[in-house]
Structure formats: C-alpha cells, structure tokens
Amino acid sequence: MKKIPLSIYVKNNGQHKTAEELGLTQGAISKALRGGRKIFIHANSSGKVQAVEIRPFPFFSNSKCQKNDAHDDN
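Residue numbers for the sequence shown follow this note's numbering, beginning at 528 and rising by one.
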C-alpha cells in the first residue's frame, strides 16, 4: 500500500477527483490543504484509496484551549 501526502496526490489528480474518491467535497480537500493538515492517502494495488490524518494525541484545538483558559479564573 502506497502512502502519499495529500498535497502530492491532489497535485497529480486534482481536488475534484480526490474528493470524489474519498467521498468528500472539493471544499473539504481545499480546506485541509490550506490548514496544512498532515493527511496521507493510502492507495492499494486495486486502486482503492483512503485518507489517514496524523496528529498529536491528545489533540486540543486552539478554540478548545481558549475556552479552558477562560474557566481557569475560578
């Protein structure tokens, strides 16, 4: 199974085709690319693709951290 960064896969196949193959919208692909997310496409020998995201565990988004900081005053 090949592991290809999303940006490279999109460069070779386009956002629209990538989105169709993954069952997503073109806008979702665009947003993931703009956000710099670490997403890899796994393609097997039959041509089926799936996306896998690598991120830290536990993962806290900026908005969640800001909410927690606001409650620390108590």
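Glycine included, each C-beta is placed from N, C-alpha and C at the ideal position. None of these values were measured; they are calculated from a predicted model.
In the displayed model, K575 falls within coil according to three-state DSSP, outside both helix and strand. Of the residues S572, K544, F587, K538, the one whose Cα lies closest to the Cα of M528 is S572. K565 carries a coil assignment under DSSP once its states are collapsed to helix, strand and coil. Close CB contacts of A559 within its chain, under the 8 Å cut and outside five residues either way in sequence, are with L533, I566 (chain order). Three or more Cβ pairs drawn from the segment 545 to 565 and the segment 573 to 583 lie within less than 8 Å of each other, which places the two stretches in contact.
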